[in-house]
Structure formats: C-alpha cells, structure tokens
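Heads up, the thing below is written out as structure tokens.
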C-alpha cells in the first residue's frame, strides 16, 4: 500500500499521469486549477499547453486525440459550456479524450461553491447525438480510480469521457492510492503513421482521416449506425473497466416496496449516513451515463441534489413507477440533519 | 485529387492541387476546416487528414505538432475561417510560432454559405449582409493579416494570388520555401470566386485588384511603422 494524502484535483492529475497522459491542454478556472498547476510542474512543456481559452483547449485535445495520444483537460461548468462544440465534433469524429469537470454553482458565472448542476450539460454534451460516458466519483480515491477508468473507456469506445466532481471533492484532501491500468489498445485509426499509399482508389486507401463531416448519404447512415451501436454497447464496455458502477444498500425490510435515497458526489456520501440513520436503502451512481440500476423494488425515492434537478430527471426516466421526491439545496453540501428535515 | 467539388473556375483548385502534391511527397497531414474547403479531407485521397471545427484548424494543428514533431502539417483555411471566427487561434499560433504551414485562401467573403461579409471584405463592397456596401462606421475596417503577423518577427508571411499563372507559380515557390521554415508560415492567396463576384472575368479581376491593393497597403504600412525592415 502506497497511500498519499492528496487533494482531489491533485490526485486526479497524478492518476492521469500514471495512466499514460501524454498531452494536456487547459485554461485556469476555479475550482479545478490545481489540476493544471500540478501538471505544469510534472509535464514537459512541449506537451503541456496553457491555452488561451476553453475553445482552444478542446480543439487541442481534438488534435492530440487524432494523433492517438492520451489527452485530458480540467475545467468547470463555464469552461465546459465553451467546450461543447468541440466535444460534439469529437463524438462525431471518434476522438478519445478525458474531461475532468469540477462542477460549480449556478448558471452564468454563478459562484465557486459546489453543485451538481452540470449533469444537464454532460448528459447531452454537445449538438447532435452526443451522449458520452459520465463518471461521478464521491471520494478522492474514486476520483483517482475514475481517471484510470476514463482513459480506458475513452480508448475502448473512441469517445470523450467526462468525470464530474463537485467543488468540495476537487478541493478536499483524503488518503489515496494511485492505481495504474494495464489496458492497451491498438489505435490503428490515428493520423501521422506515415503509411500513405500513393496509388489507390477511394475504397482501398489506407490513409487515416479524422472527420465528423459527412457529405454522402451512405456515410451518414454508417456514422449514425456507429453512434447508436456505440451507445448500446456503452454500459457493457464501461462495466469491463469499472468493478462497481453503482454503490447500493438495498432496502429489504419492506420487501417489494423499498424506500431509497440517492445523490452523487459529496452529497452521495452524506445520504449514506442519512439512509443508515432512518433505515432506508440508498444508491450512489459512479457511472452516471449510461445509468443502470438493477434494484427492482424502488417504490419511494428521494433525490438529493445541490443546485439543480438533473439527477431527478434521470431518476424519473429510470423509475417511472416510483414516487420520487426532489430535494434541492442551493449552493452548499447539506448535512444529514438538513436532509432528514426536508424529507419529512 | 481524383475529384474536386469546387465551383467551376474556383481559385481553390490550383492551390489545392499544389498543396496535395507537397503533402504526398512529404507524407504530411492536412488539417481542414469549415468553408469551401470543407470536403478537402475527401478530395485529398491519399493524404492523412483531420477535419476540424470552424476556425479551429490551427489549434488542432498545434496539438498535432506537439504530438508529432517530425510530421509536415498544413492547415487549409478560408478567410472566414482563419481571419474571422478563428482569429484567436491565428494570433496565438503566430505568438507561439508553431511550425505549421497555414494556407489562407482569401476570397474576401463567406462563399460556402452564400456570399456574406467576412472580416476581409473590403470597404464599400456589397455582400448579402452589407447590402449598401461595407461601411467603416457600421462594419469596421477589413483585417490586415500581414500586420498581425508582424507581432512575431519570426513568423513568415507570404502573399500570392490564384487569379493568374504568375500568382500560382509564385504560390508554388512560396509553399516550397514555407515547408522548410522553422516556425509558423502563413501563405495568403488572393483568390477569385466566380460564383459570387459577378462572373469569372470580374472575379479574376477583383482578386488581382485586391492582390495589388495588398501590395500597396504593405508599402504604406511599412513606411508608417517604425522599425519595419520590409
């Protein structure tokens, strides 16, 4: 065991380096900036770019991902808004990358306090059919592990992956052990392999093209089929990398009529205590998209969120017959007493 | 290039062919963007290609440069792409002096979307979004790329045109020189757009006129700016 006492953002950065990060681009934004600063010290300046905006950041990742190198960035809600165009291009052009999003309060500039509001934005990350895997760790150890899973999932599915944490998790210190994945994949689709064949027809060319634009009907059909198929396989692929996609304590005492509480991130830790205190079940998703929960007896569900109702919308879709109550706190992580009070 | 999907007489055609020839020879990567050249990755049939978002080709190329230090990288962009929406990317690439060759096809308007004003549209010229002509008071003055390039003396700027054989030959020479540069090279090509500048003859005349104006402008600026060595 080689545990270190690290801040969430720092643990994420170190885990990224451990798991083969070869290109970083980022723009400072509170509360994610430590990620950028740590990598500035640790990485060669050739492959570390302090970009001029999030617009540039995401397109730098598009370029690095096209060359087949593992790349990532850290940002917060405002920055992710700027990256959405590029993320949509990456989904279309099948370019892997990891986006570490430290979610902060509010629409617009909002504030720098924690929130879960970016769920709505991450769910459909850009224009067109652009659903991407979302990981929502709820401890610093899970952040480090999620970074490892995210790189593997991104490479396996050829898609950008978002890790969404809240500002508290990004800033808090906990003992953590950085793990390294052994997963490798042959990226024969990457550009710059210098394998042009000069005499070729369009069908047999071995050149590599990274492109989301499709001008022919057959290409569009092929693209749509690929994206839909990828979405279908998304959970099974994610499951091969993530041993526990959701933390569950079942409510067995009421048989078929279970009462549950759910939340993500730091709030996901608080609700575990709440569930123990009032003797109900809970589940805390680590893989939020695609969300799969095999609990069958959810009758009453309380969704606790900070800032918005994104998680409530997801739960409404997954548990159409359950009685779902949404509890939204403004801009701070609630304590157990506050949650129990609001549940009455 | 087995097929091309430009309009008949388009100024892109000869320039694209020359760029493709160099890319094949040197096993480079073309970074396309959005505009008339949007289908470029398909047109260049044997060259590795990355197609980027509108205006972002230079960012994509910058990352590729850092990840593939020995590969030739050429971005192929229009004036709407490079000088209008992508001006931030252009400025920062100039400042960083990345070893990238940027071919800027300047036809003074947004042609693919049907003739709207771009940052390079000259004063008094009518487009669909400047119905009474571009006015300084409302639309500002056209951008001067050469002046932007002057911020970094190490970055190289070249001007040519695709409206005359002489201009195209000049471009070929400039491209060969740019490929050997250590830093950022921008090749601005004043290009005719027969579809929107009236007809083929008018558009070629217009492109040449703009080319001549640019040369005059350069002389004017060079006398105005202190320390200019041109």
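Protein chains in written order, with my numbering: chain A, 1 to 344; chain B, 1 to 230. Each residue gets a CB set at the ideal place from its N, CA and C atoms; glycine is no exception.
{"query": "Under a Cβ-count criterion, where at least 16 other Cβ atoms within 10 Å of its own Cβ denotes burial, should residue 128(A) be classed as buried or exposed?", "result": "exposed"}
{"query": "Restricting to runs no shorter than 4 residues, where is the alpha helix (DSSP H) found entirely within the stretch 245 to 302 of chain A?", "result": "265 to 278"}
{"query": "Between which two residues does the beta strand (DSSP E) holding residue 177(B) run?", "result": "Looking at the DSSP string, residue 177(B) is not in any beta strand (DSSP E); the run it does join, the alpha helix (DSSP H), is 165 to 179."}
{"query": "When the Cα atoms are used, what is the spatial distance from residue 52(A) to residue 254(A)?", "result": "56 angstroms"}
{"query": "Going straight from the alpha carbon of residue 268(A) to that of residue 211(A), what length do you get?", "result": "39 angstroms"}
{"query": "Assuming contact is defined by CB atoms lying nearer than 8 angstroms, are residue 85(A) and residue 126(A) in contact in what I supplied?", "result": "yes"}
{"query": "Answer with yes or no whether the minimum CB distance from residue 99(B) to chain A is below 8 angstroms.", "result": "no"}
{"query": "Quick check: the Cα distance between residue 117(B) and residue 59(B), rounded to an integer number of angstroms?", "result": "24 angstroms"}
{"query": "Using the Cβ count rule (16 or more neighbours within 10 Å means buried), how would you classify residue 176(B)?", "result": "exposed"}
{"query": "Against chain A, which members of the stretch 64 to 86 of chain B pass a CB distance test of less than 7 angstroms?", "result": "64, 66, 67, 68, 71"}
{"query": "So which residues of chain B does residue 237(A) contact, with C-beta pairs closer than 7 angstroms?", "result": "Residues of chain B passing the Cβ test: none, with the nearest at roughly 25 angstroms."}
{"query": "Going by beta-carbon coordinates alone, are residue 3(A) and residue 140(A) separated by less than 8 angstroms?", "result": "no"}
{"query": "From this set, 12(B), 94(B), 121(B), which residue's C-alpha is nearest residue 185(B)'s C-alpha?", "result": "94(B)"}
{"query": "Short of 6 angstroms in beta carbon distance, which residues of its chain neighbour residue 16(A), apart from the five on each side in sequence? Order them along the chain.", "result": "72, 147"}
{"query": "Thinking residue 179(B) and residue 160(B) are a contact (beta carbons under 8 angstroms), I'd like their distance in whole angstroms, please.", "result": "Contact doesn't hold; Cβ gap of about 15 angstroms is too wide."}
{"query": "Residue 72(B) by DSSP, collapsed to three states: which one?", "result": "coil"}
{"query": "Counting only Cβ-Cβ distances shorter than 9 angstroms, please list the residues of the stretch 55 to 85 of chain A near chain B, keeping chain order.", "result": "55, 56, 57, 58, 59, 60, 61, 62, 63, 64, 65, 66, 67, 68, 69, 71, 85"}
{"query": "Pull up the distance between the alpha-carbon of residue 249(B) and that of residue 194(B), whole angstroms please.", "result": "The question about residue 249(B) has no answer here: the residues shown for chain B are numbered 1 through 230."}
{"query": "Going by other Cβ atoms of all chains shown within 10 Å of its Cβ, with 16 needed for buried, is residue 12(B) buried or exposed?", "result": "buried"}
{"query": "Going by DSSP, what residues sit across from residue 48(B) in a beta bridge?", "result": "29(B)"}
{"query": "Got a sec? Which residues, its chain only, sit under 6 angstroms from residue 6(A) by beta carbon, not counting five neighbours each side?", "result": "176"}
{"query": "Using the Cα positions of residue 138(A) and residue 326(A), report the straight-line distance between them to the nearest angstrom.", "result": "20 angstroms"}
{"query": "By a C-beta neighbour count over all protein chains shown, 10 Å radius and 16 as the cutoff for buried, is residue 103(B) buried or exposed?", "result": "buried"}
{"query": "Could you check what DSSP says for residue 106(B) in three-state terms: helix, strand or coil?", "result": "strand"}
{"query": "Do you know offhand how far residue 182(A)'s Cα is from residue 165(B)'s?", "result": "57 angstroms"}
{"query": "Would you say residue 250(B) and residue 191(B) are within 8 angstroms of each other, going by their C-beta atoms?", "result": "Residue 250(B) lies beyond the stretch modelled for chain B, which goes from 1 to 230, so this question has no answer here."}
{"query": "Decide yes or no for the touch test of the stretch 111 to 127 of chain A against the stretch 296 to 316 of chain A: beta carbon pairs closer than 8 angstroms, at least 3 of them.", "result": "yes"}
{"query": "Write down every uninterrupted run of the alpha helix (DSSP H) in the stretch 94 to 142 of chain B whose length is 4 residues or greater and which is fully enclosed by it, in chain order.", "result": "136 to 139"}
{"query": "Using three-state DSSP, classify residue 211(B) as helix, strand or coil.", "result": "helix"}
{"query": "Tell me, please, whether the CB atom of residue 48(B) is closer than 8 angstroms to any CB atom in chain A?", "result": "yes"}
{"query": "Residue 62(A): which of 51(B), 70(B), 122(B) sits nearest, CA to CA?", "result": "51(B)"}
{"query": "Between which two residues does the alpha helix (DSSP H) carrying residue 159(B) extend?", "result": "Unbroken run through residue 159(B) is the beta strand (DSSP E), 156 to 161; no alpha helix (DSSP H)."}
{"query": "With 8 angstroms as the threshold, decide whether the Cβ of residue 171(A) is near any Cβ in chain B.", "result": "no"}
{"query": "Run through chain A and tell me which residues come within less than 7 angstroms of residue 12(B), C-beta to C-beta.", "result": "Residues of chain A passing the Cβ test: none, with the nearest at roughly 16 angstroms."}
{"query": "By Cβ distance, which residues of its chain are closer than 8 angstroms to residue 23(B), with the 5 residues on each side in sequence left out?", "result": "29, 30, 44, 47, 72, 74"}
{"query": "List the endpoints of the continuous beta strand (DSSP E) containing residue 49(A).", "result": "48 to 50"}
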